[in-house]
Amino acid sequence: MFPMYLVKQNLDCSSIIDVEAHVRSELNGMGLRDRVTPGMKICLTYGSRGFPYGLRVIRTLVDVFKAWGADPFIVPAMGSHGGGTDEGQVQVLQKMGITEESLGVPVKSCVDSVYLGDTPGGVPVYCDKYALEADGVFLFNRVKPHTGFRAPIESGLTKMMSVGLGKVKGAEAAHRAGLGHVLVEMARVIDQKINLLGGIASVDNFQGDALVLKGVKPEDRENAEQELLKLAWQQLPKIPFDHLHVLIVDEMGKNISGSGMDVNVIGMHRRLGGKPVQNYETLVVLDLTPESKGNALGIGYADITIQSLVDKIDFQNTYKNSLTTGYLSSVKIPCTLPTEREAIETACNLHRGEDCRVVRIKDTKHLEYLWISEPLLAKVKNLEIIKKVNSIFDTVGYQ
Numbered sequence: 001m002f003p004m005y006l007v008k009q010n011l012d013c014s015s016i017i018d019v020e021a022h023v024r025s026e027l028n029g030m031g032l033r034d035r036v037t038p039g040m041k042i043c044l045t046y047g048s049r050g051f052p053y054g055l056r057v058i059r060t061l062v063d064v065f066k067a068w069g070a071d072p073f074i075v076p077a078m079g080s081h082g083g084g085t086d087e088g089q090v091q092v093l094q095k096m097g098i099t100e101e102s103l104g105v106p107v108k109s110c111v112d113s114v115y116l117g118d119t120p121g122g123v124p125v126y127c128d129k130y131a132l133e134a135d136g137v138f139l140f141n142r143v144k145p146h147t148g149f150r151a152p153i154e155s156g157l158t159k160m161m162s163v164g165l166g167k168v169k170g171a172e173a174a175h176r177a178g179l180g181h182v183l184v185e186m187a188r189v190i191d192q193k194i195n196l197l198g199g200i201a202s203v204d205n206f207q208g209d210a211l212v213l214k215g216v217k218p219e220d221r222e223n224a225e226q227e228l229l230k231l232a233w234q235q236l237p238k239i240p241f242d243h244l245h246v247l248i249v250d251e252m253g254k255n256i257s258g259s260g261m262d263v264n265v266i267g268m269h270r271r272l273g274g275k276p277v278q279n280y281e282t283l284v285v286l287d288l289t290p291e292s293k294g295n296a297l298g299i300g301y302a303d304i305t306i307q308s309l310v311d312k313i314d315f316q317n318t319y320k321n322s323l324t325t326g327y328l329s330s331v332k333i334p335c336t337l338p339t340e341r342e343a344i345e346t347a348c349n350l351h352r353g354e355d356c357r358v359v360r361i362k363d364t365k366h367l368e369y370l371w372i373s374e375p376l377l378a379k380v381k382n383l384e385i386i387k388k389v390n391s392i393f394d395t396v397g398y399q
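So this is what it looks like as structure tokens:
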């Protein structure tokens with residue numbers, strides 16, 4: 001088959017180096033110390049998404065609240081993830097190093113959330129019982145574009161309150177109502193029932209490191225998230241081509257994106273329909289990350305996959321996540337071929353007779369390095385050529 005080129009996108013990858021010092025500075029700047037009294041039981045939230053600096057942030061929060069005399073504890077704020085069970089959500093945290101042993105504080109998990117009432121539009125609202133019992137709640141989450149809707153506020157602190165702390169029932173209610181503005185209304189109901197102390201909102205750079213770690217006061221939450229979302233859009237990893245014949249994704253998974261493969265990268269039309277902005281005609285996905293624990297939500301966005309990926313799927317876990325979101329097409333199994341080689345050959349042969357425009361990526365989160373076919377070399381200038389291989393089957397590694 002044809003040659004491929006490993007290229008590097010020249011992106012600004014500035015990031016916060018001393019995460020701990022930055023978080024401490026943000027907490028001090030919030031005037032939070034005056035609101036924390038000795039013995040206060042503080043609920044700290046942590047979601048299901050893994051990111052490199054997450055453990056450093058939550059450990060710093062634990063240390064600071066302890067130093068102020070409080071008794072912090074961790075609650076998994078992840079909706080229906082982790083199979084929608086108490087132990088499953090604890091295991092998700094354990095995979096990211098969030099344990100009672102590593103942090104020296106309790107991890108309290110209960111997916112049987114408490115009904116609080118309805119939004120003005122009639123959507124039922126639920127909240128984690130431990131958050132309700134706490135003397136104060138402090139949030140930590142990343143602000144980023146969601147993979148299923150567009151709104152002034154998408155993924156972030158507000159969604160962590162309404163869906164994350166809402167557990168399975170809250171997630172189901174939010175998705176049935178279509179997410180979007182409903183998340184804000186649900187969070188406002190929860191805000192009236194808990195003592196929200198504030199939160200740390202992060203924005204990633206192109207490499208997934210912390211570009212922003214911002215202390216957010218409760219009264220500033222909605223405005224702050226809207227501004228941070230604008231920045232997050234600017235930092236969203238992108239494939240620098242609008243049209244491809246074949247896109248090969250080495251790995252999909254819940255630790256990569258809530259939708260397995262970020263539809264903001266592969267094309268929102270694969271989830272919501274409509275005219276494609278990114279027209280990637282044939283999408284091949286080759287593996288499922290171990291961190292996904294068999295949850296292959298998003299496999300349905302691919303056109304071709306391989307048997308070894310399908311063999312890794314925990315269908316019960318995957319279907320539960322799909323039924324919660326309401327996007328059943330996301331778990332349809334695509335054309336399944338025996339090997340990686342056959343999958344790639346089949347995809348490329350669909351476009352025989354053309355100068356095949358092919359990109360191969362590690363996943364939809366890490367796009368600094370990518371493999372591209374020769375017809376794409378002249379299409380974008382901001383690429384550094386690292387090396388050339390003679391065949392697409394020699395595309396190994398991304399540095």
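The sequence shown lines up with residues 1 to 399 when you count with the UniProt record's numbering.
Backbone N, C-alpha and C fix where the C-beta goes; we use that ideal spot for every residue, glycine too.
Note on Val-380: under 16 other CB atoms within 10 angstroms of its CB, so exposed under the neighbour-count rule. Pro-338 and Ser-259 have their alpha carbons spaced roughly 24 Å apart. Note that the region 276–289 touches the region 308–328; at least 3 beta-carbon pairs, one per stretch, sit closer than 8 Å. Under the rule that a run must span 3 or more residues, the beta strand (DSSP E) segments found entirely inside the region 13–50 read 41–46.
Around the beta carbon of His-146, a 10 Å sphere encloses 16 or more other beta carbons of the protein chains shown; the residue is thus reported as buried. DSSP places Asp-71 in the strand class (E or B) of the three-state scheme.
Inclusion of Ser-162 and Ala-187 in the CB contact set at 8 Å is warranted, their separation being smaller than that value.
For the options Leu-370, Ala-21, Thr-325 and Ile-333, the alpha carbon positioned closest to that of Gly-79 is the one of Thr-325. Residue environment: Arg-142 is assigned as buried (16 or more neighbouring CB atoms within 10 Å of its CB, all protein chains considered).
The DSSP-derived three-state label of Gly-83 is helix.
With a beta-carbon spacing of about 7 Å, Asp-250 and Ile-361 fall inside the 8 Å limit used to define contacts. Put simply, the backbone Cα of Leu-11 is about 19 Å away from that of Phe-51. By the C-beta density criterion, Ala-67 is exposed, having fewer than 16 other C-beta atoms within 10 angstroms. Counted as a single uninterrupted DSSP element, the beta strand (DSSP E) harbouring Gly-136 occupies residues 136–142. DSSP places Asn-279 in the strand class (E or B) of the three-state scheme. Each residue's CA atom was taken as its position, placing Gln-91 and His-351 some 44 Å apart. Of all alpha-carbon atoms in Gln-94, Asn-349, Cys-335 and Val-189, the one lying nearest the alpha-carbon of Ser-292 is that of Gln-94. Of the candidates His-366, Asp-71, Pro-218 and Ile-194, Asp-71 places its Cα closest to the Cα of Pro-38. Within the DSSP bridge table, the entry for Gln-9 names Leu-383 as partners. If you ignore the 5 residues before and after Ile-58, its C-beta comes within less than 8 Å of the C-beta of Leu-44, Tyr-46, Ile-74, Ile-98, Leu-103 and Phe-140, all in its own chain and listed in chain order. Under the DSSP assignment, Cys-356 falls outside any alpha helix (DSSP H); it carries neither an H nor an E label. The C-alpha of Ile-42 is placed about 9 Å away from the C-alpha of Val-36. Counting only runs of at least 4 residues, the region 210–288 fully encloses the following alpha helix (DSSP H) elements, listed from N- to C-terminal order: 221–235, 263–266 and 269–272. Here the alpha carbons of Gln-89 and Leu-132 stand approximately 18 Å from one another. No Cβ-Cβ contact shorter than 8 Å links Ala-177 with Gly-166.
Lys-388 sits close to Tyr-5, with the two beta carbons spaced by under 8 Å. When C-alpha distances from Tyr-369 are compared across Pro-375, Val-359 and Gly-117, the shortest belongs to Val-359. For the set Arg-150, Ile-200, Ile-17 and Asn-321, the Cα lying nearest the Cα of Leu-27 is the one of Ile-200. The shortest CA-to-CA distance from Asn-349 to any of Gly-298, Ala-134, Thr-282 and Gln-278 is the one to Thr-282. In the DSSP assignment, Thr-147 falls outside any alpha helix (DSSP H) and carries neither an H nor an E.
Under the three-state reduction of DSSP, Tyr-126 is assigned to strand. Here the alpha carbons of Asn-205 and Leu-236 stand approximately 8 Å from one another. Under DSSP, Gly-117 takes part in a beta bridge, and its partners are Val-125. In this structure, Gly-198 is the residue among Lys-320, Gly-198 and Asp-191 with its C-alpha nearest to the C-alpha of Phe-138. Close CB contacts of Cys-356 within its chain, under the 8 Å cut and outside five residues either way in sequence, are with Phe-2, His-245, Val-246, Cys-348, Ser-373 and Pro-375 (chain order). The DSSP-derived three-state label of Ser-102 is helix.
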